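Colleague:
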Amino acid sequence: MRGLRATGHVFRVPLDHADPASPTIEVFAREYSSLDHDDPDVARLPWLLFLQGGPGGRGVRTTQLSGWMKAAAKDFRILMLDQRGTGLSTPADAATLGRFRTPAEQAGYLAHFRADSIVADAELIRRALGSGPWTVFGQSYGGFCTLTYLSLAPEGMERALITGGLAPLSGPADDVYRATFTRVEERNREYFAWYPEDRDLVTRIARHLDGVEEVLPSGERLTVRRFQMVGAFLGGNTRVHALHYLLEDAFIEIDGRPRLSAVFLEQVHAVVSRASQPLYAVLHESIYCQGTASAWAAERVLGDHPQFLPDAPKVLLTGEMVYPWYFGEDPALRALQPVAELLAGKEDWGRLYDADVLATNTVPAAAAVYRHDIYVDRDLSLRTAAAVRSLEVWETDEFHHDGIADDGEAIFTRLLGMTRR
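In full-length UniProt numbering, the protein residues as written are 1 to 421.
Listed below in structure tokens is the structure:
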């Protein structure tokens, strides 16, 4: 590895932090530090915990310090957490969940895989490392977890940095998806203004899929509604233009007839399969739930936006919404369909945020709010920011949701400076 040292750590944590008799699971974390610091100096550096996007995303793997990590490693030891159930932590997927006798038992287990449990894991790890209060940096869902940290264990934090991750503190998941569909439609318009030839191409692909069976590398037929999910590319500065390159690979001719190319189908599969991140689909809507069921909120709100339906005259691309049919179409998710239904109907979710604690927060905090973010809505983000004392906001239209992948060094440096004033 160039210019860095990497050290793995394994911790045993309770499945249920509220139950003294709880069984335990493993949580893995990897420490990164710069070779510009010798070993004695590294031992004296403060810790920075990075909480990545998700849910169900493992910690960043890197072989060199670049972007925001390059900036952070000047002052910190960086700890990348494989949030419970991901990466080298005790896995939670179709294979491992198969040991439970019923979907109800699976649901009971997965109910302990939300932000409150991730924060409790982080606090146990912080103490095990002998760290005082540390800096917590959360991107996207990691920002949601950072707000939970500020709510439940602010004594463990020296500062909080959040990028594209100011979660709504209350309200149903429906509010999130109403905003999301609006933002995604706007982003479709922007994309097709850049690449007008792709407007008809997307609809042509959709109508082709209506009449011709095209099979993904994992063996299932590609449907129009699943193809629409390549709109996940729309959520970033660094990815959005790659969508054009994906689409231009779509068609080839075989015996004088149009077919989708193997190159195109492989690229689509990489976007629409959850084989490497099943918890993203299973827990996706639960991240918004506090005492209410999500009840498939995205599917319900879709009914108010018929322009996104697969049979629309001009087909639009969707974002990262998760629908109940997804569990029937993705082979990696089929075995998880029963537990996903139970979690969608679960009403007794615990609290993730404490409004009173956030209103009196004294931990220095800074957040980047991306004005045109299609996944974490700007207006909802600013509403949250107004409810958190000691939180300073940097609002910008320079970046989209994946800003730290675009210019992470500049973004991190700016947010860190905002908490040092």
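We put the beta carbon where it would ideally sit given N, CA and C, even for glycine.
Note that the structure is predicted; figures quoted are calculated from it, not measured.
Kindly list the residues whose CB is nearer than 7 Å to the CB of D93, restricted to its own chain and excluding five residues on each side of it in sequence; keep chain order.
Modeller: P278
Colleague: Quick check: the Cα distance between L4 and S33, rounded to an integer number of angstroms?
Modeller: Roughly 6 Å separates the two Cα atoms.
Colleague: With the cut-off set at 9 Å, would you say V42 and E26 are in Cβ contact?
Modeller: no
Colleague: Measure the beta-carbon distance from P310 to R225 and round it to whole angstroms, keeping in mind my assumption that it falls under 8 Å.
Modeller: 5 Å
Colleague: Could I get the ranges of all uninterrupted beta strand (DSSP E) runs contained in the UniProt domain "AB hydrolase-1" (46-192), with 3 residues as the minimum, in chain order?
Modeller: 47-51, 77-82, 134-139, 157-163
Colleague: One question on the structure: do A332 and G98 come within less than 9 Å of each other, judged by their Cβ atoms?
Modeller: Not a contact, by the Cβ cut-off of 9 Å.
Colleague: Does the region 103-111 come close enough to the region 337-357 that 3 or more CB-CB pairs lie under 8 Å?
Modeller: yes
Colleague: Which partner residues of W394 appear in the DSSP bridge assignment?
Modeller: A368
Colleague: State the Cα-Cα distance for the pair T90 and I78, rounded to the nearest angstrom.
Modeller: 22 Å
Colleague: Assuming contact is defined by CB atoms lying nearer than 9 Å, are V271 and A340 in contact in what I supplied?
Modeller: no
Colleague: Considering only DSSP beta bridges, list what L4 is partnered with.
Modeller: As DSSP reads the structure, L4 sits in a beta bridge with S34.
Colleague: Mind checking which residues open and close the alpha helix (DSSP H) that includes L209?
Modeller: 197-211
Colleague: Enumerate in chain order the residues of its own chain whose CB-to-CB distance from E123 is below 6 Å, with the five nearest sequence positions on each side excluded.
Modeller: A153, G156
Colleague: Cα-Cα, which of P217, R207, H241, T292 is closest to Q228?
Modeller: R207
Colleague: Do the region 291-298 and the region 69-88 touch if we need at least three Cβ pairs shorter than 8 Å?
Modeller: no
Colleague: Report the three-state DSSP secondary structure of A405 (helix, strand or coil).
Modeller: helix
Colleague: Using a 10 Å radius around the Cβ and a threshold of 16 neighbouring Cβ atoms, would you call I374 buried or exposed?
Modeller: Classification of I374: buried, given that the 10 Å Cβ count is 16 or more.
Colleague: Assign V268 to one of two classes, buried (16 or more other C-beta atoms within 10 Å of its C-beta) or exposed (fewer than that).
Modeller: So V268 ends up on the buried side.
Colleague: Does R389 come out as helix, strand or coil in the three-state DSSP assignment?
Modeller: coil
Colleague: Can you name, in chain order, every residue of its own chain whose Cβ lies under 7 Å from the Cβ of G53, other than the five neighbours on each side?
Modeller: Q139, S140, Y141, G142
Colleague: Kindly list the residues whose CB is nearer than 6 Å to the CB of V136, restricted to its own chain and excluding five residues on each side of it in sequence; keep chain order.
Modeller: L49, T146, Y149, M157, A160
Colleague: Express the C-alpha separation of R84 and S276 in angstroms, rounding to a whole number.
Modeller: Near 14 Å, if we compare the C-alpha coordinates of R84 and S276.
Colleague: Any idea which residues DSSP pairs residue 445 with across the strands?
Modeller: In this structure the chain extends from 1 to 421, so residue 445 is not present and cannot be described.
Colleague: By the three-class DSSP mapping on this structure, what secondary structure does A292 have?
Modeller: It is worth fixing the name first, because residue 292 is Thr in this sequence and not Ala. T292 falls in the coil class under three-state DSSP.
Colleague: Could you give the residue range of the alpha helix (DSSP H) that holds residue 434?
Modeller: The question about residue 434 has no answer, for the chain in this structure spans 1 to 421.
Colleague: Residue range of the alpha helix (DSSP H) that residue 428 falls in?
Modeller: Nothing about residue 428 can be reported from this structure: the residues present for the chain run from 1 to 421 only.
Colleague: Under the three-state reduction of DSSP, which class applies to A29: helix, strand or coil?
Modeller: Three-state result, A29: strand.
Colleague: Pick from G8, T360, N237: whose alpha carbon is nearest that of G87?
Modeller: G8
Colleague: Below 8 Å on the Cβ atoms is my contact criterion, and I expect L166 with A366 to pass it. Report the Cβ-Cβ distance as a whole number of Å.
Modeller: No, L166 and A366 are not in contact; Cβ-Cβ is about 11 Å, not under 8 Å.
Colleague: Have a look at P217 and L260 and give me their C-alpha separation to the nearest angstrom.
Modeller: 12 Å
Colleague: For the alpha helix (DSSP H) that contains V301, what are its first and last residues?
Modeller: 297-302 is the extent of the alpha helix (DSSP H) around V301.
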